[in-house]
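The block underneath contains the structure these notes are about, expressed in C-alpha cells.
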Amino acid sequence: MGGVAYVFPGQGAQYVGMGTDLADAVPEAADLYRRASQVLDLDLLELCRTGPEEALQRTENTQPAILVTSLACLEAARGHVPPPALVAGLSLGEYTALVCAGALAFEDAVWVVRQRGLFMQEATAGREVAMAAVLGLPAEVVERVCEEASELGVCEAANYNAPDQVVVGGDRAAVEEAVRRAKAAGARRAVLLAVSAPFHTRLMRPAAERLAALLETVPIRDAAVPVVANVDAQPVVRAADIRRRLVEQVASPVRWAQSVARMARDGVGTFVEFGPGTVLSGLVKRCAPGAATHHVEDRASLAKTAASLAWAGEGASQEERSRA
Numbered sequence: 025m026g027g028v029a030y031v032f033p034g035q036g037a038q039y040v041g042m043g044t045d046l047a048d049a050v051p052e053a054a055d056l057y058r059r060a061s062q063v064l065d066l067d068l069l070e071l072c073r074t075g076p077e078e079a080l081q082r083t084e085n086t087q088p089a090i091l092v093t094s095l096a097c098l099e100a101a102r103g104h105v106p107p108p109a110l111v112a113g114l115s116l117g118e119y120t121a122l123v124c125a126g127a128l129a130f131e132d133a134v135w136v137v138r139q140r141g142l143f144m145q146e147a148t149a150g151r152e153v154a155m156a157a158v159l160g161l162p163a164e165v166v167e168r169v170c171e172e173a174s175e176l177g178v179c180e181a182a183n184y185n186a187p188d189q190v191v192v193g194g195d196r197a198a199v200e201e202a203v204r205r206a207k208a209a210g211a212r213r214a215v216l217l218a219v220s221a222p223f224h225t226r227l228m229r230p231a232a233e234r235l236a237a238l239l240e241t242v243p244i245r246d247a248a249v250p251v252v253a254n255v256d257a258q259p260v261v262r263a264a265d266i267r268r269r270l271v272e273q274v275a276s277p278v279r280w281a282q283s284v285a286r287m288a289r290d291g292v293g294t295f296v297e298f299g300p301g302t303v304l305s306g307l308v309k310r311c312a313p314g315a316a317t318h319h320v321e322d323r324a325s326l327a328k329t330a331a332s333l334a335w336a337g338e339g340a341s342q343e344e345r346s347r348a
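When we follow our numbering, the leftmost residue of the sequence shown carries the number 25, and every step to the right adds one.
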C-alpha cells in the first residue's frame, strides 16, 4: 500500500445535501456543523441539507461549508482508516488539511475561510474577469498561450490540476483570447468556467494583503503531520512557514499536480479523499497512475473505504489505530 495521504477538496466540490448523511448518523460529525454555525451565525447544516443552491454557491458560504463537510467526513472515518504520512488540500482544502494536522484550530479555520471567501470575492469587484479550464495541452504550452493573450490584460495559470489540465484566470478579454489560442494549439477542450473571480492570480493580491493582516491575529501551530503546500508542493511543518504560504497561496497558482507527484515520490501509495465528490481522486489517478484512491463523503463510501483499508489496520499498532 505504501504510505497514506489524506486530501481535501476545494471550492467547486459543493452540492446541496453534502455531508448530511454522515451528520445524521455520527454525532461527532453533526457537532462540527453545530460549532461552525455558532462561529458563522448561520445554520450551516441546514444550508448544506436544503440550500438553496444560490446561497450555498456564494463564496463566503461555500468555503466554510466545504471545510466543515470535509472535516465531518474525516471525523466519521476515525478508527476506520490508517493515519496519514502527509496531508494536502486543493486551495481552500489546504485549510482543511491544516486543521487535520493540528496547525489550525477548527473555529479559527471556519472564521478565516469565511473571511477569505469575502476577500477574494471583493478583490475584483466591478472588473470583467474570468477563468477557463484547458485540457489536453502541456503546462508549458498553456503558459505560452497565457503570455500571448496578456496583450489584452492579465492572463496566467491559476491551477495546475494534472499534467494535461491547467486552469487559467485573469481579465475576461485576455482569458477568452487564451481559450481561442489554446484551441488553435490543439487543446482537447478549452472552456470558460462559471466562477465569480480569478482565484490564484495576481488580481487576488488585494485579498492576500487583507488575509495577511487577518492571519496575524490567528494562532497557527507547528503541524503534527507535514502539509504539502499549494504554492510550491513542499511539505511544511513550521508555523511561520505555514502562515507565509497561506498568504502567498491566494494570489499564486495551485500546484496540485506537482503536490501529488511529490507525495508519490515520498512513498505515498494510497490517497484518501475526505469531503464532497471525487474530483481529487480523479486528479490523483492522472498525476500518480499507480496510486490507490479512496474517498469518504457518506456512509456508503465510508463503508467501502473502511473495507478496502481494513487489512492495513490489522497490522497497525493500537497507538496507530487510535490516532487514525
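We put the beta carbon where it would ideally sit given N, CA and C, even for glycine. The structure presented is a predicted model; accordingly, all values stated were derived computationally and were not measured.
Look up P259 in the DSSP assignment and give the residues it is bridged to.
DSSP lists V252 as partners of P259.
For R279, does the count of other Cβ atoms within 10 angstroms reach 16, so buried, or fall short, so exposed?
buried
With 16 other Cβ atoms within 10 Å as the buried cut-off, status of Q273:
So Q273 ends up on the buried side.
Sorted by chain position, which residues of the same chain lie with C-beta nearer than 7 Å to A264's C-beta, five sequence neighbours on each side aside?
none
If we count the other Cβ atoms within 10 Å of its Cβ and call it buried at 16 or more, is P51 buried or exposed?
Counting Cβ neighbours within 10 Å, P51 comes out exposed, since fewer than 16 surround it.
For the alpha helix (DSSP H) that contains A237, what are its first and last residues?
R229 to L239
Can you tell me whether T120 is helix, strand or coil according to DSSP?
helix
Can you give the Cα-Cα distance for Q35 and A334, rounded to whole angstroms?
31 Å
Taking the Cβ atom as the reference point for each residue, do V134 and V242 lie within a distance shorter than 9 Å?
no
Leaving aside the five residues before and after H104 along the sequence, list all residues of the same chain whose C-beta is less than 6 Å from its C-beta, in chain order.
These residues qualify, in order along the chain: A330.
With respect to the alpha helix (DSSP H) encompassing L71, which residues constitute its N-terminal and C-terminal limits?
L68 to T74
The stretch 200-209 contacting the stretch 249-262, beta-carbon criterion three pairs below 8 Å:
At 8 Å Cβ cutoff, the stretches do not touch.
May I ask which residues mark the beginning and end of the alpha helix (DSSP H) holding Y57?
P51 to L64
Exposed or buried, what is A53 when buried is set at 16 or more other beta-carbons lying within 10 Å of its beta-carbon?
Classified as buried, A53 has 16 or more neighbouring CB atoms from the shown chains inside 10 Å of its CB.
With distance defined between alpha-carbon atoms, name the residue in P88, Q139, V158 and L64 nearest to V271.
Of the listed residues, the one whose Cα sits closest to V271 is Q139.
Is A281 a contact residue of the ligand NAP, with contact defined as CB to any heavy atom under 8 Å?
In terms of ligand content, the structure shown is empty, and the ligand NAP therefore cannot be addressed.
G291 and A109 closer than 9 Å at C-beta:
Closer than 9 Å, so yes.
Where L217 falls: helix, strand or coil (DSSP):
coil
Starting from F130, trace the alpha helix (DSSP H) in both directions and tell me its first and last residue.
F130 to A147
In this structure, how does DSSP classify A186 when only helix, strand and coil are distinguished?
strand
By Cβ distance, which residues of its chain are closer than 6 Å to F130, with the 5 residues on each side in sequence left out?
V123
Look at the alpha carbon of T225 and the alpha carbon of T83, and state the distance between them as a whole number of angstroms.
17 Å
Find the nearest neighbour of I244 within the set D195, R268, G141 and G26, judged by alpha-carbon distance.
R268 is the residue among D195, R268, G141 and G26 whose C-alpha sits nearest the C-alpha of I244.
Can you tell me which of A275, V192 and G193 puts its alpha carbon nearest to the alpha carbon of E233?
For E233, the closest C-alpha among the options A275, V192 and G193 is that of A275.
How should V215 be labelled, buried or exposed, when 16 other C-beta atoms within 10 angstroms of its C-beta is the threshold for buried?
exposed
Decide if D195 is buried, meaning its Cβ has at least 16 other Cβ atoms within 10 Å, or exposed.
buried
Note down, in chain order, each residue of its chain lying with its Cβ closer than 6 Å to the Cβ of A231, except the 5 sequence neighbours on either side.
F143, M144, A147 and V274
Between the stretch 112-122 and the stretch 157-166, can you find at least three pairs of beta-carbon atoms closer than 8 Å?
no
In its own chain, which residues sit with a C-beta less than 6 Å from the C-beta of V320, not counting the 5 before and 5 after it?
C97, A101, F298, L326 and T329
For my contact list, L307 and A186 are in at a C-beta cut-off of 8 Å; report their separation, rounded to the angstrom.
5 Å
Indicate whether N85 and G141 have their beta-carbon atoms separated by less than 9 Å.
yes
Distance between L304 and C72 (C-alpha atoms, nearest Å):
20 Å
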